[in-house]
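Numbering (this note's numbering), first residue to last: 95 to 300.
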């Protein structure tokens, strides 16, 4: 398995994030996920800083060496750290806008499933470039939308017991805005822009 495929499968494993955070929220209150994510990020950024200074850390160093691009080792774990930074911001915005948890879950699933699928498919099968961004392909965008839609719809119907019709509307909306943001040539990391834009968009229209 090549490095990029490994990276995207690791990225896709983040789809479990909204579900374990939900369990934590149920048992410990809606502020508990904020504290957990903040602690995780503090530890993560601290380990990344030590690694970048040449300190060899058990397990962490092996994971970085296995899954990071060489150019990313200057700021190791950047993708994962930004992923959880985006998750934290999206969760806080959900509380600020007083929206149901499934909207936050949708924002995270767009990032975990849609962004990963668009990259995997785009790199391997992308032939038709998006007119406003030659680094992205139509094939990748369609794959990202499809995977995000399926993941969000199933989660909403099976876990959050949202009505099928409403689940379709939410899934289409979240997948569309997430993949639109992913396709734009903007200088903001997808791990930050996708979940934040998605939760804001859903909060405005619903």
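Cβ atoms here follow ideal geometry from the backbone N, Cα and C, with glycine treated the same way.
Handout entry: CA-to-CA distance, residue 111 to residue 48, given in whole angstroms
Key = Outside the shown range of the chain (95 to 300) lies residue 48, about which nothing can therefore be said.
Exercise for the section: Report the three-state DSSP secondary structure of residue 224 (helix, strand or coil). Expected result: Strand, per DSSP.
Problem - Counterpart residues of residue 231 in DSSP-defined beta bridges - result: Its beta-bridge partners are 223.
Practice task
Specify the secondary structure class of residue 270 as computed by DSSP and reduced to three states.
Solution key: Look at residue 270 here: in three-state DSSP terms it is helix.
Exercise for the section: Count the other C-beta atoms from every protein chain shown that fall within 10 angstroms of the C-beta of residue 292, then say buried if there are 16 or more, exposed otherwise. Expected result: Answer is buried; the Cβ neighbour count reaches 16.
Handout entry: Own chain residues within Cβ distance below 8 Å of residue 185, not counting five before or after
Key = Taken in chain order, the residues that qualify are 115, 127, 128, 131 and 198.
Handout entry: residue 140 burial status per 10 Å Cβ neighbour count (16 or more: buried)
Key = Classification for residue 140: exposed.
Practice task
Taking the CB atoms as reference points, tell me whether residue 264 and residue 200 lie closer together than 8 Å.
Solution key: Using a Cβ distance threshold of 8 Å, residue 264 and residue 200 count as a contacting pair.
Practice task
Kindly give me the distance between the Cβ atoms of residue 207 and residue 278, rounded to whole angstroms, as I take these residues to be in contact under 8 Å.
Solution key: About 19 Å separates the Cβ atoms of residue 207 and residue 278, ruling out a contact at the 8 Å cut-off.
Practice task
Compute the beta-carbon to beta-carbon distance between residue 242 and residue 216, rounded to the nearest angstrom, for a pair I have assumed lies under 8 Å.
Solution key: Not confirmed; about 14 Å, so no contact.
Practice task
Reducing DSSP to helix, strand and coil, say where residue 254 ends up.
Solution key: Of the three classes helix, strand and coil, the one that applies to residue 254 here is coil, per DSSP.
Handout entry: Alpha-carbon spacing of residue 300 relative to residue 174, whole angstroms
Key = Rounded to the nearest angstrom, the two C-alpha atoms are 29 Å apart.
Exercise for the section: State the Cα-Cα distance for the pair residue 166 and residue 146, rounded to the nearest angstrom. Expected result: Confidence in residue 166 is poor, its pLDDT being 48 and thus under 50, which makes the residue's placement too unreliable to answer from.
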